[in-house]
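**Student:** Okay, here's the structure, questions in a sec.
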Amino acid sequence: MAPSQNSQLQRFEANIHDVFSFTRAEYLINDDGDFDLYTLRFIDPQYQIAKSAQHDRGDHRRLKPAVAPILVAYSDHFMRGTFSSHISYLHFVYPAGKQLTHKVLNTDITVNQVPGQMNALRFRQERDVPDNWVANTYWVLTDQHGTEYKIQFTSEDNANLIGIARYPG
Numbered sequence: 352m353a354p355s356q357n358s359q360l361q362r363f364e365a366n367i368h369d370v371f372s373f374t375r376a377e378y379l380i381n382d383d384g385d386f387d388l389y390t391l392r393f394i395d396p397q398y399q400i401a402k403s404a405q406h407d408r409g410d411h412r413r414l415k416p417a418v419a420p421i422l423v424a425y426s427d428h429f430m431r432g433t434f435s436s437h438i439s440y441l442h443f444v445y446p447a448g449k450q451l452t453h454k455v456l457n458t459d460i461t462v463n464q465v466p467g468q469m470n471a472l473r474f475r476q477e478r479d480v481p482d483n484w485v486a487n488t489y490w491v492l493t494d495q496h497g498t499e500y501k502i503q504f505t506s507e508d509n510a511n512l513i514g515i516a517r518y519p520g
């Protein structure tokens with residue numbers, strides 16, 4: 352491993368947010384549902400996510416995906432100030448790769464528009480919560496130099512947000 356790659360990995364192990372940027376674009380569709388599209392990328396533009404694979408730790412359940420290739424997170428009845436409605440929050444993570452477009456509530460959502468980046472989707476809809484749910488999901492990301500970074504996508508703010516964290520794996 353070259354010195355700069357070793358330094359990159361050391362920064363990642365100290366603080367994931369020193370190496371990765373995880374940004375959110377918020378979309379309000381209507382009162383019945385909305386979504387946020389997140390982008391995960393290296394802060395240093397010389398690095399790219401060359402490969403991403405979900406790492407099955409065996410401590411969570413997977414559901415058959417509704418929209419995305421891989422369903423990752425959480426559903427809940429919770430919405431601030433609302434006790435009569437059923438609210439579901441669904442989180443999806445898309446592996447780095449080819450561009451995909453999905454239609455959600457009559458809105459086209461395109462992921463993987465930029466090579467070397469990953470996307471995650473948080474979708475809120477008024478509907479009954481599914482019987483099953485899954486928690487954090489774990490991924491191994493590989494940069495173009497072959498260095499691996501183990502991360503997890505987390506559920507935050509009662510599932511209204513998606514976060515990232517490093518995990519020792």
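In my numbering, the protein residues as written are 352 to 520. We treat Cβ as the ideally placed atom computed from N, Cα and C, and that holds for glycine.
Nearest CA to the CA of Leu360: which residue from Thr488, Gly514, His453, Ile502?
**Tutor:** Selected option, being the one with the closest Cα: Ile502.
**Student:** Hey, how far is the Cα of Glu507 from the Cα of Gln476?
**Tutor:** The straight-line gap from Cα to Cα measures roughly 17 Å.
**Student:** Can you tell me whether Pro446 is buried or exposed? The criterion is at least 16 other CB atoms within 10 Å of its CB, across all chains shown.
**Tutor:** Pro446 should be labelled buried.
**Student:** Locate the beta strand (DSSP E) running through Gln405, then write down its first and last residues.
**Tutor:** Note, Gln405: beta strand (DSSP E), 400 to 405.
**Student:** Could you check how far apart the C-beta atoms of Lys449 and Asn463 are, in whole angstroms? I think they sit under 8 Å.
**Tutor:** 6 Å between Cβ atoms; contact.
**Student:** Hey, quick one: how far does the beta strand (DSSP E) through Gln503 stretch, first residue to last?
**Tutor:** 499 to 507 is the extent of the beta strand (DSSP E) around Gln503.
**Student:** By DSSP, does Ile460 sit in helix, in strand, or in coil?
**Tutor:** Correct three-state label for Ile460: strand.
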